[in-house]
Each structure stands twice: as C-alpha cells, then as structure tokens.
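Asker: Mapping of the first sequence onto our numbering: residues 12 to 501, in sequence order. Cβ coordinates follow ideal geometry from the N, Cα and C atoms, glycine included.
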Amino acid sequence: MKADTLWLQNTLSGKKEAFEPINPPFVGLYVCGPTVYNEVHMGNLRTFISFDVLNRYLRYLGYKVRYVRNITDVGHLTDDSGEDRVEKRARLEKIEPMEIVQKYSRGFHRVSDVFGLLDPDVEPTATGHIVEQISMIQSIIDKGFAYEANGSVYFDVDRYAKEFEYGQLSGRVLEELDQQTRNLDGGEDKRFFADFALWKKASEDTIMKWPSPWGVGVPGWHLECSAMSTKYLGKTFDIHGGGMDLKFPHHECEIAQCQAAGEGSSARYWMHTNMLTINGTKMSKSLNNSILPMEFVSGEHKLLERGYPPMVVKFFMYQTHYSSPLDFSNEALQAAEKGFVRLQKGMESLENMPEGKGSKEDASVLLGVLNDALNHLSDDLNTPRCIASLFEVTNSIQRMQHHSTSLDSDTKSQCLAIFKGIVHDILGLEFSDSSAQNDSLDKVMGALLGIRNKARTEKNWAVADALRDGLSSVGVTFSDNKEGSSWEIK
RNA sequence: GGUCGGUUGGCCGAGUGGCUAGGCAAGGCUCUGCAAAAGCUUGUACGGCGGUUCGAAUCCGCCACCGACCUCCA
12 MKADTLWLQN TLSGKKEAFE PINPPFVGLY VCGPTVYNEV HMGNLRTFIS
62 FDVLNRYLRY LGYKVRYVRN ITDVGHLTDD SGEDRVEKRA RLEKIEPMEI
112 VQKYSRGFHR VSDVFGLLDP DVEPTATGHI VEQISMIQSI IDKGFAYEAN
162 GSVYFDVDRY AKEFEYGQLS GRVLEELDQQ TRNLDGGEDK RFFADFALWK
212 KASEDTIMKW PSPWGVGVPG WHLECSAMST KYLGKTFDIH GGGMDLKFPH
262 HECEIAQCQA AGEGSSARYW MHTNMLTING TKMSKSLNNS ILPMEFVSGE
312 HKLLERGYPP MVVKFFMYQT HYSSPLDFSN EALQAAEKGF VRLQKGMESL
362 ENMPEGKGSK EDASVLLGVL NDALNHLSDD LNTPRCIASL FEVTNSIQRM
412 QHHSTSLDSD TKSQCLAIFK GIVHDILGLE FSDSSAQNDS LDKVMGALLG
462 IRNKARTEKN WAVADALRDG LSSVGVTFSD NKEGSSWEIK
C-alpha cells in the first residue's frame, strides 16, 4: 500500500475527506448502473467512465476492490402511467420484457468494451434478487418503518424521520418538500406524501411479477440497490456512487431503507458525478437530446461533425473534473483529439529516448512532474490536473529529444512505468498501435518510401511531392526529418 | 417558489489569499527543398457592484445571468 492519501469529495458530509477503507486492503464500491429499457447514452456512460477511473485508481494504489454495479431490469416505473419501464418498452416493441433486458444489457456491455471499461466484479440484476428484496421489506415492516396498503408496501417516511434524519444526503427538508410534490400513481394508498413504494401490487396484465407475503407484485426501484449492496458488500461499505440526478430521491431512499431495515448506514462515502450537457442542458433520455456512445464513434448524429475514437472521447471527458458539468462540442472534441495525439507522441519519444548518462536535473524534473500527475489523482480524482502534468512531462521529453539528450536507464524505466501506469492502467486509455500494421503493408510502404527517397536525393521534388500528396489523400502521412523519412496511417 | 452548484482569455477547462495551470486556436522565429512533426517565443482572463485584507479571480454581502434537483433520469 502506498503512503499517499486519497481524498474524495463525500456528498454525505459535503467535504473532501481522506479515504479510509473499513477493512483495508479491501474496498467495497457500489455504483448505480443503467435501467435497461433502452440504450445507454453518452451521459450515462460519463458516470460509468468516471467510476471506472476510481475503480482503476483504487486498484493501482493496491486496494482489493469489489466493484458492484447493478442492472435495473424491473421496478423502475414511468411517472405518467406508473407502468414498468422495461415492460412498457416490451409492449411497444412487441417482445418479451426479458428480451428487452437482454438486448439492452448486451448493448451496454458492448459499449463498455468499446470504451475500455473494466467489468464490475458483480453485476447483479433486480429480477435476480427478488427474494433478498422481499426479505428486506419484511425487515423494514418488522421494525415498524413500512406499512401494507391494498397489496402494496410503502416506506413510512414520517415515522422514519422521527428517529433518523431523512434528507441528509440531498439537504432536503421534509417540511419544505410538502408543497411541490407531483401526483403519482398509487398516491392514494400512501399515508404521507413523501412515502415511497417498497413493493407495488401488480395489475392483472403485468408480465413481470412475483408472489410475496403481500400479494403478487414488483419491487420498488430504490429497494434493489439497498438489497444488493447489502448482500454483496455488507451492511456498511466503503463507497457508493452514481450520477448526481440520483441523489434525490433514489439515494436518499436507499439510505433510509438500509437504516430502517437495521442494516446500518449503507455507504460511508457517497460520490456523485455531474451531467453531460448539450448547449448547457442536461443530456437526458426524456428530453430526447441524447447522443449514443456508438454515435460518437461513427459520427452518425446531426450534432456531430464527424466520428471520434472512443479513447479520444474518454480523454475529452477527463479534461473536465467529474463533479463539473461537461458541455459537449465538436470544437472541444477536436481540440482533445489533437492533444491526445500529442500525448501519444510524448510517450513514444520517451520510449525511444537513448539511454546514457543523462542529467540529474532532467531525471528529477521528469520524475517530479510524473509524481505530481499521480498526486493530482489522489486529490478527488483530479484528471484535468493530472493530464496537465502529463502535458508538462511531454513538453520536457520533446525538449530533451530536440536537444538529443539521453536519460539513464533506471530513470527512463521508472518514468515509463509511471507514465504508462497513469495512461493505461488508471485512465484506461490505449493509444493506436502504429507498429501493429501488417507485414505486407509494411513492405509496400517501405518500397514507396524508397522510391520517394530516391526522388528526393535526385531533387526530383515533383515526384516526391506527388507521392506524398497522393498517399495523404488515403490517410497516409509521410514526414521527413533529420533521421530520415517515415510514414504513418492516420 | 425552495435547495444546491456555476459565471475564468478566441474556444475548452483547472486552480490557489501573493508565485506561468494545461490543451486547442492565433502571431513571430528556428529546423526543413517544400510540408508535417518538433523546439523557442508573444497576446488577450477571472459576470457586475460593494466589503474584509498590505494584497482578492480566490473570503464575505448584494445584484444579474445560467444550470441541476425538488419522488422519471447516470
């Protein structure tokens, strides 16, 4: 375990706190995953990318992480009709609800792979944990914090608020919430406006439903996370994360459920990621302003001028802190793409740097700034500052290369280890591998390069330039420098 | 209406009571047959008005504008 402390912004306290696991070196991390009633959009993915960095960094620091990210496949109701989201979608597509679940779960996993996210260690589903949810509801009823009404079970917020603090996470004051509540389906069974469903009675024509002590029905949305986080991480665990739009009511209700069931206080650190916006407005499925992750890659969306590699999209996101809103724009993406290429060239220059005596000054500058880059990650995952430091290192490396400076082999390998550790292991970025071209292409290009070099030595600029321009139009760049000419595919 | 957060240079975006953030773009120069790459170099900032302070983009107050949440959402 490395000595440096990781600081995390804890929504529960509103403060940046030193991270101390309950049972080091083990860390329990729970993140609210997607509801698989349609495709995840780029805003959803931003959250998972942010927590991917947390997961990776914790592991880099030597922690043994159990990363749990659920899939909501039942219980998430629409607000207008009170119908289950998955079931509604199934009705519209005229297929089974579980087909919907499978289809969009697979899609989510494919996107996750394309963007290079580490898989969670456990990916539990709500439908797979009906028993656990029923048992938790029973505990809450037994403790007197829930009541049955007309085949449904509701959480008794009024009663709960007398013993515990309701609204701690979101800063809500119950009395002030009273006035502006929306009128939801099933509201007539509630005793108190703020009560929420733990179990919802199912109508006759519902396909997804389960028997319970209170009749046939479905679990409430907030419940699954409480039941599953408790099952896999324990009554009190280390970190619970999600998008900040889940702060209230979802996470507030989770905390209440865990407390009421006598399961402890749920997580010690709550982390919330900010939204991806388009023209300053939140990207949201309900606002129909979503861009899908694969549309970013293909460029097939009216707001996108062209496609961007997944790694560039991630890099673009890392240049904003996870807690700040991130506004999408083509210009910013293109700037990020150029920066990303520059970073790649910096790392390549470091790899190719000749080993020799080297100077102590160079060594301490490189190692110092690379350690700064790491330390910035310990400051609540400050990826923008981390990347700024990587650019500083890149500048130093290029300057050294420009002056044909060498580096002693120990320093070089240390620098490469940290540089690659940050870029590959923590940020999960992979550079396009120019050396992985196939052999025959290599030979063809080598031959063309030979022809061009012959023309150049004969000062036959017309032929040399015609070759360069012609290949440039199919995406191959020739460049000439002191050591000779080279080519690369863009 | 309530709660919380934000407003930084041409664009994106960090940040701390005093010391160049960084990237992209733009201008100049070096290298180069030309170009690219690379290096060197140069501008333009902290929404408005007050206050605290030796000193405020940073702390406080008021105002303006923007956003999120207020039982659908990552």
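1. Can you give the Cα-Cα distance for Asn-81 and Tyr-48, rounded to whole angstroms?
2. Taking three-plus beta-carbon pairs below 8 Å as touching, is the segment 218-227 in contact with the segment 90-109?
3. On the DSSP bridge assignment, give the partners of Gln-20 in chain order.
4. Find the nearest neighbour of Val-485 within the set Met-239, Trp-498, Asn-492, judged by alpha-carbon distance.
5. Roughly how many angstroms lie between the CA atoms of Lys-26 and Val-51, to the nearest whole one?
6. For Lys-75, count the other beta carbons within 10 Å of its own beta carbon; 16 or more makes it buried, fewer makes it exposed. Which is it?
7. Take Asp-196 and list the residues in its own chain whose beta-carbon comes closer than 6 Å to its own, dropping the five residues that flank it on each side.
8. Taking Cys-43 as the reference, give the member of Thr-405, Met-322, Asp-256, Gly-273 with the closest Cα.
9. When the Cα atoms are used, what is the spatial distance from Arg-317 to Leu-65?
10. Would Gln-179 pass as a contact of Leu-23 if the rule is Cβ separation under 8 Å?
11. From Val-85 to Gln-149, what does the alpha carbon distance come to, in whole angstroms?
12. Can Leu-381 and Tyr-68 be called in contact, C-beta distance under 8 Å?
13. Mind pulling the beta strand (DSSP E) runs of 3 or more residues that sit fully within the segment 458-493?
14. Quick one: residues in its chain with C-beta nearer than 7 Å to the C-beta of Gly-162, no 5 flanking neighbours on either side, listed in chain order?
15. When burial is assigned at 16 or more other CB atoms within 10 Å of the CB, is Leu-344 buried or exposed?
16. Give a single yes or no on whether Leu-438 has its beta carbon closer than 7 Å to a heavy atom of the ligand ADP.
17. Between which two residues does the alpha helix (DSSP H) containing Leu-385 stretch?
18. Here's the rule: buried if 16 or more other CB atoms are within 10 angstroms of the residue's CB, otherwise exposed. What is Ala-384?
19. Given this structure, state the Cα-to-Cα distance separating Arg-117 from Thr-46, to the nearest angstrom.
20. Can you look up Ile-218 in the DSSP assignment and give me helix, strand or coil?
21. For Leu-314, does the three-state DSSP call read helix, strand or coil?
22. Going by alpha carbons, who is nearest to Pro-365 out of Gly-350, Lys-356, Thr-416?
23. Can you tell me whether Ser-497 is helix, strand or coil according to DSSP?
24. Are there 16 or more other CB atoms within 10 angstroms of the CB of Val-164, so buried, or fewer, so exposed?
25. Who are the Cβ neighbours of Thr-331 in its own chain at under 7 Å, not counting the five residues just before and after it?
26. Determine the direct distance from the alpha carbon of Thr-58 to that of Arg-202, and round the result to whole angstroms.
27. Is Thr-192 helix, strand or coil when you go by DSSP?
28. From Pro-320, Tyr-329, Tyr-243, pick the residue whose C-alpha is nearest to that of Thr-284; which is it?
29. Quick one: give me the first and last residue of the beta strand (DSSP E) that Met-9 is part of.
30. Would you identify the three-state DSSP class for Thr-58, choosing helix, strand or coil?
31. I need the boundaries of the alpha helix (DSSP H) containing Trp-281, first residue and last residue.
32. For Phe-339, write down the residues that DSSP places opposite it in a beta bridge.
Answerer: Working from what's here:
1. On the first sequence, position 70 is the one that residue 81 refers to. On the first sequence, position 37 is the one that residue 48 refers to. Going by the C-alpha atoms only, they are around 14 Å apart.
2. yes
3. For the purposes of this step, residue 20 is taken as the residue at position 9 of the first sequence. DSSP, once it has assigned bridges, lists Lys-27 as partnering Gln-20.
4. In the first sequence, residue 485 corresponds to position 474, counting from 1. Taking only the C-alpha atoms, the option nearest Val-485 is Trp-498.
5. Residue 26 sits at position 15 when you count from the first residue of the first sequence. Residue 51 sits at position 40 when you count from the first residue of the first sequence. Each residue's alpha carbon lies about 31 Å from the other.
6. In the first sequence, the residue the question calls residue 75 occupies position 64. Its Cβ having fewer than 16 others within 10 Å, Lys-75 is exposed.
7. Taking the first residue of the first sequence as position 1, residue 196 is located at position 185. Confidence at Asp-196 is low in this model, with a pLDDT of 47, below 50, so its placement is unreliable and no value can be given for it.
8. Taking the first residue of the first sequence as 1, we reach residue 43 at position 32. Closest by alpha carbon: Asp-256.
9. For the purposes of this step, residue 317 is taken as residue 306 along the first sequence, with counting starting at 1. For the purposes of this step, residue 65 is taken as residue 54 along the first sequence, with counting starting at 1. Approximately 30 Å, taken between the alpha carbons.
10. Within the first sequence, numbered from 1, the residue matching residue 179 stands at position 168. Within the first sequence, numbered from 1, the residue matching residue 23 stands at position 12. For Gln-179 and Leu-23, yes; Cβs fall inside 8 Å.
11. Here residue 85 refers to the residue found at position 74 of the first sequence. Here residue 149 refers to the residue found at position 138 of the first sequence. The alpha-carbon atoms of Val-85 and Gln-149 are separated by roughly 19 Å.
12. As a first step, residue 381 is located in the first sequence; it is residue number 370 there, counting from the start. As a first step, residue 68 is located in the first sequence; it is residue number 57 there, counting from the start. For Leu-381 and Tyr-68, no; Cβs fall outside 8 Å.
13. 487-492
14. Indexing the first sequence from 1 puts residue 162 at position 151. Excluding sequence neighbours, Gly-162 sits near Lys-212, Trp-225, Gly-226, Gly-228.
15. Counted from its first residue, the first sequence places residue 344 at position 333. So Leu-344 counts as buried.
16. For the structure depicted, the ligand ADP is absent and the ligand set is empty, with no information on it obtainable.
17. To locate residue 385, count along the first sequence from 1; it is residue 374. From DSSP, the alpha helix (DSSP H) with Leu-385 extends over 371-389.
18. Walking along the first sequence from the start, residue 384 turns up at place 373. Classification for Ala-384: buried.
19. On the first sequence, residue 117 is found 106 positions in, with the first residue counted as 1. On the first sequence, residue 46 is found 35 positions in, with the first residue counted as 1. Spanning the two alpha carbons is a distance of roughly 13 Å.
20. For this step, residue 218 is matched to residue 207 along the first sequence. DSSP places Ile-218 in coil when its eight states are reduced to three.
21. The residue you call residue 314 lines up with position 303 of the first sequence. Coil, per DSSP.
22. The residue labelled residue 365 in the question sits at position 354 within the first sequence. The candidate whose alpha carbon is nearest that of Pro-365 is Thr-416.
23. Within the first sequence, the letter at position 486 stands for residue 497. Strand at Ser-497.
24. Your numbering for residue 164 matches position 153 in the first sequence. That one is buried.
25. Along the first sequence, one-based indexing puts residue 331 at 320. Result list for Thr-331: Leu-337, Pro-395, in chain order.
26. Taking the first residue of the first sequence as position 1, residue 202 is located at position 191. Taking the first residue of the first sequence as position 1, residue 58 is located at position 47. Distance between the alpha carbons of Arg-202 and Thr-58: 35 Å.
27. Position 181 of the first sequence holds residue 192. Confidence at Thr-192 is low in this model, with a pLDDT of 48, below 50, so the placement of that residue should be treated as unreliable; the coordinate-derived value is given next. Looking at Thr-192 - three-state DSSP - the assignment turns out to be coil, as it is neither helix nor strand.
28. Within the first sequence, the letter at position 273 stands for residue 284. Per the Cα distances, Tyr-329.
29. This structure does not reach residue 9, given that the chain is present from 12 up to 501, and the question cannot be answered.
30. For this step, residue 58 is matched to residue 47 along the first sequence. Three-state result, Thr-58: helix.
31. One-based indexing of the first sequence puts residue 281 at position 270. From DSSP, Trp-281 is part of no alpha helix (DSSP H) but of the beta strand (DSSP E) over 277-284.
32. On the first sequence, position 328 is the one that residue 339 refers to. Answer by DSSP bridge pairing, in chain order: Ile-289.
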